[in-house]
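Trainee:
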Amino acid sequence: MIEILAPSEVDRARRTGALVGRILATLRERCGPGTNLLEIDGWAKAMIEDAGALSCYVDYEPSFGRGPFGHHVCTSVNDAVLHGRPRDQELADGDLVTLDLAVLLRGVAADAAVSFVVGTPAPDDLALVDTTERALAAAVGAVSPDARLGDVSHAIGQVLTGDGYTVNTDFGGHGIGSTMHQDPHVPNLGRPGRGMRLRPGLLLALEPWVMADTDRLVTDADGWTLRSATGCRTAHSEHTVAVTEDGVEVLTLPPAA
Numbered sequence: 001m002i003e004i005l006a007p008s009e010v011d012r013a014r015r016t017g018a019l020v021g022r023i024l025a026t027l028r029e030r031c032g033p034g035t036n037l038l039e040i041d042g043w044a045k046a047m048i049e050d051a052g053a054l055s056c057y058v059d060y061e062p063s064f065g066r067g068p069f070g071h072h073v074c075t076s077v078n079d080a081v082l083h084g085r086p087r088d089q090e091l092a093d094g095d096l097v098t099l100d101l102a103v104l105l106r107g108v109a110a111d112a113a114v115s116f117v118v119g120t121p122a123p124d125d126l127a128l129v130d131t132t133e134r135a136l137a138a139a140v141g142a143v144s145p146d147a148r149l150g151d152v153s154h155a156i157g158q159v160l161t162g163d164g165y166t167v168n169t170d171f172g173g174h175g176i177g178s179t180m181h182q183d184p185h186v187p188n189l190g191r192p193g194r195g196m197r198l199r200p201g202l203l204l205a206l207e208p209w210v211m212a213d214t215d216r217l218v219t220d221a222d223g224w225t226l227r228s229a230t231g232c233r234t235a236h237s238e239h240t241v242a243v244t245e246d247g248v249e250v251l252t253l254p255p256a257a
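Residue numbers (the UniProt record's numbering): 1 to 257.
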């Protein structure tokens, strides 16, 4: 299903996006060496509930997972890149962390992810994160009412492959609206000028992600956490955007400093 939101629904999406951006920024600020992944999940739960919102992940049970996800935020560390299930694990100095949060507020969802290093960063890790952030910026820049979906995927892929990374297209961006995951799928590699034409009122969650030396994933015994097949480091950046009459609006930005 592809949803085209009415202006009033886009306005509600702005509020959801602002909440997601604020929670992710707060979680990132609180994380450091010694922080437990279950603590992060507890903080997310409290902030979501205080806002009168719902986590899109608690009851999330797609075909590729094993039962309901059962937590409020994805916490992926080092070689984990997607759907990292919170567990009893403390972050260590130099860990590369990705937090992925999707929230439903007043009937409209928003989804975003951020990768960062706790403590002392390694240059290669910072470069990995920088690539995904620049790919995300390129994707946002490619969104307009005159663009096609392939233009967005191509913009992402140009940055990722240009920096020497191979791209997995099994998981990517997606439509979003009254539910977290909707059509269309937005692969992180594509051909310009192809695919559906974007329309005002369409919400997309754009999410470039890479693994340092592979494009193959393996799944943890928890049935959820996806890791690089080689054990290499990973990074993932994501924003929810709205196609507008004259361009694009990023809905999940963190609060201005």
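Each residue gets a CB set at the ideal place from its N, CA and C atoms; glycine is no exception.
Across the region 72-81 and the region 146-157, are there enough close Cβ pairs to call them in contact, namely three or more that are closer than 8 Å?
Mentor: no
Trainee: Looking at Glu3: is its Cβ nearer than 7 Å to the Cβ of Gly119?
Mentor: no
Trainee: Our contact map puts Leu101 next to Leu24 with C-beta atoms below 8 Å; I'd like the distance itself, whole angstroms only.
Mentor: Right, the Cβ-Cβ distance comes to about 6 Å (below 8 Å), so this counts as a contact.
Trainee: The alpha helix (DSSP H) spanning Gly65 covers which residue range?
Mentor: Segment: none, Gly65 is in no alpha helix (DSSP H) and carries neither H nor E.
Trainee: State the Cα-Cα distance for the pair Val218 and Leu160, rounded to the nearest angstrom.
Mentor: Rounded to the nearest angstrom, the two C-alpha atoms are 21 Å apart.
Trainee: Consult DSSP for Leu96 and reduce its assignment to one of helix, strand or coil.
Mentor: strand
Trainee: Three Cβ pairs or more, each shorter than 8 Å: is that satisfied between the region 246-253 and the region 14-32?
Mentor: yes
Trainee: What does a CB cutoff of less than 7 Å around Thr132 pick up in its chain, not counting 5 residues either side in sequence?
Mentor: Ser115, Pro208, Trp209, Val210, Ala235, His236 and Ser237
Trainee: Tell me which same chain residues have a C-beta within less than 6 Å of the C-beta of Leu96, skipping the five on either side of it?
Mentor: Non-local beta-carbon contacts of Leu96 in its own chain, meaning distances under 6 Å to residues more than five positions away in sequence, involve Asn78, Val117, Asp125 and Arg233 in chain order.
Trainee: Where does Gln89 fall in DSSP's three states?
Mentor: Reduced to three states, the DSSP call for Gln89 is coil.
Trainee: Just mark Ser153 as buried or exposed, buried being the case when its beta carbon has 16 or more other beta carbons within 10 Å.
Mentor: buried
Trainee: Counting beta carbon pairs with one atom in the region 190-198 and one in the region 134-148, are three or more of them shorter than 8 Å?
Mentor: Enough Cβ pairs lie closer than 8 Å, so yes.
Trainee: Please tell me whether Leu206 and His239 are closer than 7 Å, where the distance is taken between their beta carbons.
Mentor: yes
Trainee: Taking the straight line between their C-alpha atoms, what separation do you get for Thr166 and Ala122?
Mentor: 21 Å
Trainee: By DSSP's criteria, Leu104 is part of a beta bridge. Which residues make up the other side?
Mentor: Leu54 and Ala109
Trainee: Is it true that the region 59-73 meets the region 32-49, where meeting means three or more beta-carbon pairs spaced less than 8 Å apart?
Mentor: yes
Trainee: Whole-angstrom Cβ separation of Thr225 and Arg85, contact assumed at under 8 Å?
Mentor: 5 Å
Trainee: Excluding sequence positions up to five away, which residues of its chain have a Cβ less than 6 Å from the Cβ of His181?
Mentor: His174
Trainee: For Leu206, does the three-state DSSP call read helix, strand or coil?
Mentor: strand
Trainee: Would you decide whether Pro256 is buried or exposed? Buried here means 16 or more other CB atoms lie within 10 Å of its CB.
Mentor: According to the sequence shown, residue 256 is Ala rather than Pro. Counting Cβ neighbours within 10 Å, Ala256 comes out exposed, since fewer than 16 surround it.
Trainee: Give the DSSP-derived three-state secondary structure of Pro254 in the structure shown.
Mentor: coil
Trainee: Can you give me the start and stop residues for the alpha helix (DSSP H) that Arg128 sits inside?
Mentor: Before going on, a small fix: residue 128 reads as Leu here, not Arg. Segment Pro123 to Ala142, the alpha helix (DSSP H) holding Leu128.
Trainee: With 16 other CB atoms within 10 Å as the buried threshold, where does Ser76 fall?
Mentor: Buried, by the Cβ-count rule.
Trainee: Between which two residues does the beta strand (DSSP E) holding Arg227 run?
Mentor: According to the DSSP assignment, Arg227 belongs to the beta strand (DSSP E) that extends over Leu226 to Ser228.
Trainee: Could you tell me the alpha carbon to alpha carbon distance between Gly190 and Ala138, rounded to whole angstroms?
Mentor: 13 Å
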